[in-house]
């Protein structure tokens, strides 16, 4: 049986893969399914109130960066920074 920290790392890895898929999606409609999947994983992380705020910030930036948008690199960097803040406590 895996311990809790191993399963958290797996969830974070899955979130990172889904985020990358949303970023390279050809449009926002395609990206939406990846972002919804990320949202569904939130419960599995058992986040503190502060971590929930950072998670929602990450999702907002990820949505802004998804599909074909202006300033894509700016929004992607902001999302990556939020994801780092969120995951640094788990790794």
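In this note's numbering, the protein residues as written are 1131 to 1221. For each residue, glycine too, the CB sits at the ideal point set by N, CA and C.
Problem set entry | DSSP state of residue 1200 mapped onto helix, strand, coil | Position 70 of the chain shown, counting from 1, holds the residue named residue 1200. The answer is coil: DSSP assigns residue 1200 none of H, G, I, E or B.
Exercise. Are the C-beta of residue 1171 and some C-beta of chain D separated by less than 8 Å?
Worked result: The structure shown contains no chain D; it holds only a single protein chain.
Exercise. Using 8 Å as the Cβ pair cut-off and three pairs as the minimum, do the stretch 1144-1155 and the stretch 1195-1204 touch?
Worked result: yes
For this session: Just list the alpha helix (DSSP H) runs in the stretch 1138-1181, keeping only unbroken ones of 4 residues or longer that don't cross its boundaries, in chain order.
Result: 1158-1175
Problem set entry | Distance CB(residue 1215)-CB(residue 1184) smaller than 8 Å | Position 85 of the chain shown, counted from the first residue, corresponds to residue 1215. Position 54 of the chain shown, counted from the first residue, corresponds to residue 1184. Yes, these two residues count as a Cβ contact at 8 Å.
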